[in-house]
Each structure stands twice: as C-alpha cells, then as structure tokens.
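Q: According to the UniProt record's numbering, the residues represented by the sequence shown are 1 to 345, in order. For each residue, glycine too, the CB sits at the ideal point set by N, CA and C.
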Amino acid sequence: MTAPEPDVSIVVPIYNEFDNLPELVERIDAAMRMQPLSYELIAVDDGSTDGSAQRLRELAATRPWLRAVCLVRNYGQSSALQAGFDRVRGRYVVTLDADLQNEPGDIPLLLERLETDPSVDMISGWRKNRQDKALSRRLPSVLANRLISRVTQVQLHDYGCALKAYRRPIIERIRLYGELHRFIPSLARDAGARIAEVPVRHHARTRGVSKYGIDRTFRVILDLIFMVFFMRFRQRPLHAFGGLGLWLATPGMLILAWLLVQKLLGADIGGRPLLFAGVLLVLMGMQFIAVGLVGELLTRIYYESGGGHQYYAHEYGALAQALTTPSSDGQAQAPSAPARSTVLP
Numbered sequence: 001m002t003a004p005e006p007d008v009s010i011v012v013p014i015y016n017e018f019d020n021l022p023e024l025v026e027r028i029d030a031a032m033r034m035q036p037l038s039y040e041l042i043a044v045d046d047g048s049t050d051g052s053a054q055r056l057r058e059l060a061a062t063r064p065w066l067r068a069v070c071l072v073r074n075y076g077q078s079s080a081l082q083a084g085f086d087r088v089r090g091r092y093v094v095t096l097d098a099d100l101q102n103e104p105g106d107i108p109l110l111l112e113r114l115e116t117d118p119s120v121d122m123i124s125g126w127r128k129n130r131q132d133k134a135l136s137r138r139l140p141s142v143l144a145n146r147l148i149s150r151v152t153q154v155q156l157h158d159y160g161c162a163l164k165a166y167r168r169p170i171i172e173r174i175r176l177y178g179e180l181h182r183f184i185p186s187l188a189r190d191a192g193a194r195i196a197e198v199p200v201r202h203h204a205r206t207r208g209v210s211k212y213g214i215d216r217t218f219r220v221i222l223d224l225i226f227m228v229f230f231m232r233f234r235q236r237p238l239h240a241f242g243g244l245g246l247w248l249a250t251p252g253m254l255i256l257a258w259l260l261v262q263k264l265l266g267a268d269i270g271g272r273p274l275l276f277a278g279v280l281l282v283l284m285g286m287q288f289i290a291v292g293l294v295g296e297l298l299t300r301i302y303y304e305s306g307g308g309h310q311y312y313a314h315e316y317g318a319l320a321q322a323l324t325t326p327s328s329d330g331q332a333q334a335p336s337a338p339a340r341s342t343v344l345p
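Here you go:
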C-alpha cells in the first residue's frame, strides 16, 4: 500500500518515556489539527527498557498518521533522529523531545514561519524562559550555547532546544553520527540553510527521569573539537595536520641546524637534551604532515567516487531551468554538476 505524502513529518526520539507517550501523541495531534497542513508523526524508540516500544506500537495501531520505529538497542539520540530523518516524506520536518518539556502547540508557529518566509530554511526554538530548576542542567547549557556559538559562528541563544523545523532538502543534506544532534544548526548552516530563531514555550518535567547531567559538558567539548575540524578542514585535511606538522618541524629543524653549526665548531652535542628535543619535534612534524597527506588522498577518493557533495548552490533564470533535470530528492539538478543545485526562478 502507498499513502499520500504529508506536508509535515514530525520526528520524536524516545528513550524510557512510557508515562509521557499517550499525552505526547494526543497533544501533537491536537496541535496539528489546528492548522491546514497534513502530517505524520515518526516516533523512534531508541531501545527503551521501560516498555515504551510496546506502548508506542499500541498507539500506532489506532492512528494511521503515527509511524512507530523501534531500534533494536539503544544507539543514542543522534542515531534515533537519523532513523527518523531517513523516513520523512513531508515538505517540512519538525523535531521535538518526548518528555513534554517542549510545547507541541508551538509547532504550527514554526510551520507558519516556514510557509510565509521563503528566506528561512530552518527555525530553531529558543527556550527563553526555561523551567529547569536544576543547576546541573542550566549552567552547562548556558556555557555550551556560548561556546558553540563562538566557535561555529552560528549565533543562537539555545542550541539544546529540540523543537526545530526544517525544509526537507536541508535534512537530506546532513547526516548525524555519534552525538552530533547538538550541532544540527551548524551542520544545517554548512549545508546552506538560512536559520532563524524564535522563542518557544518550555515546561518543567512532570514524569520520567532526565537523561542529562553535568557530564554532558565534557562530551560537548569533545564533539565541538570534531565540529571545528569538520566545518573548516574536511575538504583540506592537509591544512590542518600539515600546518600543525610545520609548526612542530620548523623549530626542530632550526634546533638541529644550530646544533650542527656547534658540532662543526668542535662542540660536543651528543648528550645535550636539546638534540633529543630537535629530533622529536622533526619526527612529530613529519608524522602530522604524513597524516594530512593520507587525509587528502581519502578526501579525493570520497568525493570523486560520489560519496558526498563538495558544495550546494542555487541557480536562477530560464536557462538554468532548461538545462536541469529533477533529481531523486525532488530538487532540480544539473546532470554534469558534482553537487546538488537548486534551481530558482
């Protein structure tokens, strides 16, 4: 059987939210009935151990617009979101958490902005009046938001708000691994998204247990290091590793050159610690440069084999429309272009 494609796909990752699921589904349904767009709800259970998967299947049995996706084990929030993204069919994609701290009634607000403002590709929610009372949640969030905004140059007040809305082509351009769900706005901007931020409501958790703690701050820092490399050097790894290698090898070579002069003048340099430091710096520098060269080769193989897109672009005008053909994802794409190109009149 085939079902007509909805206008909106709502993706909700779920982990041990047994008590919240019935109210969550009903509140999303009530909110979506208040606006004209058709919708589907893709609820992804991430290997829950409290019976959430069974309850989700029961809810889906009586609701044709609800798709229950049950992962075989707990993979993490990023993988759960990606499982939902792989199944979306709507023109717009909305995400929110299952703990009912996000307000489903705000979904039409985000969709209306996407419908009426063609200059925006992604709407990110801003929990302006957060109801989390625990300092272990609020303080790391504030620090992480400032740090991520500063490093990625995507200025948002609230990276951690799960309530977001996207145009579907943006979702199709990004892939989530590890715990990169925290950096979706940065990944979306890298894929060409124009991002806006709007205040949304936030509620205190009334059922279930929070899955976040102070230890998340350290994971954010590690993921941020990866994001900096990914956004700046993924197409030129030699600049990252080779640059670091030159910074190490250059002073090492200068040290060895100076010691060589000393040796020629008759000085004994065999037991000097400076000799070992110079050799170590040169060897470390050459290793980093070698890693950069290997990275460059892997990058070339990846892109030239069709594994990814080097860039995204918009084309305008009648000639562009005449020279392009529809791609499998519904966008217009030039047959000879190495990356997706959206044609706009």
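Nearest to residue 249 by alpha carbon, out of 270, 287, 258 and 118?
A: It is 287.
Q: According to the Cβ coordinates, are residue 96 and residue 20 closer than 8 Å?
A: No, these two residues do not count as a Cβ contact at 8 Å.
Q: Going straight from the alpha carbon of residue 27 to that of residue 196, what length do you get?
A: The alpha-carbon atoms of residue 27 and residue 196 are separated by roughly 25 Å.
Q: Check residue 26 in the structure and name its three-state DSSP category.
A: Helix at residue 26.
Q: What does the alpha-carbon distance come out to for the pair residue 234 and residue 299?
A: Approximately 8 Å, taken between the alpha carbons.
Q: Does the separation of the CB atoms of residue 71 and residue 80 fall below 8 Å?
A: Result yes, Cβ atoms of residue 71 and residue 80 sit closer than 8 Å.
Q: DSSP has residue 124 in a bridge; who is on the other side?
A: Paired residue(s): 164 and 197.
Q: Would the stretch 39–51 and the stretch 3–12 be scored as touching if the rule is three or more Cβ pairs under 8 Å?
A: These segments touch.
Q: To the nearest angstrom, how far is it from the Cα of residue 106 to the Cα of residue 74?
A: Distance between the alpha carbons of residue 106 and residue 74: 29 Å.
Q: For residue 176 and residue 278, I'd like the C-alpha separation in whole angstroms.
A: Their Cα atoms are separated by approximately 42 Å.
Q: Spatial neighbours of residue 82 within its chain, please: C-beta separation below 6 Å, excluding the five flanking residues on both sides.
A: Only 176 meet the Cβ criterion.
Q: To which residues of the same chain is residue 246 closer than 8 Å at the C-beta, ignoring the five residues directly before and after it?
A: Here the set comprises 285 and 289.
Q: Can you round the beta-carbon distance between residue 238 and residue 296 to whole angstroms, since I take them to be within the 8 Å contact cut?
A: 5 Å between Cβ atoms; contact.
Q: Are residue 129 and residue 202 close, meaning C-beta to C-beta below 8 Å?
A: Their beta carbons are under 8 Å apart, which means residue 129 touches residue 202 by this criterion.
Q: By the DSSP assignment, the alpha helix (DSSP H) with residue 95 in it spans what residues?
A: From DSSP, residue 95 is part of no alpha helix (DSSP H) but of the beta strand (DSSP E) over 92–95.
Q: Please report the distance separating the alpha-carbon of residue 322 from that of residue 315.
A: If you take the alpha carbons of residue 322 and residue 315, they lie about 11 Å apart.
Q: Taking 8 Å as the threshold, find out whether the stretch 220–232 comes into contact with the stretch 258–270 through three or more Cβ pairs.
A: With a cut-off of 8 Å, the stretch 258–270 and the stretch 220–232 do not count as touching, because too few Cβ pairs lie within range.
Q: With a 10 Å radius around its C-beta and 16 neighbouring C-beta atoms as the bar for buried, classify residue 276 as buried or exposed.
A: Residue 276 is exposed by the Cβ-count criterion.
Q: Measuring alpha carbon to alpha carbon, tell me which residue in 155, 24 and 281 is nearest residue 198.
A: Among 155, 24 and 281, the Cα nearest to that of residue 198 belongs to 155.
Q: Give me the residue from 167, 179, 206 and 111 with the minimum Cα distance to residue 189.
A: Closest option to residue 189, Cα to Cα, is 167.
Q: Taking a contact to mean a Cβ-Cβ separation below 8 Å, would you say residue 171 touches residue 93 in this structure?
A: It is a contact, given that the beta carbons lie within the stated cut-off.
Q: Would you kindly report the start and end of the unbroken alpha helix (DSSP H) that includes residue 304?
A: Here the alpha helix (DSSP H) through residue 304 covers 273–304.
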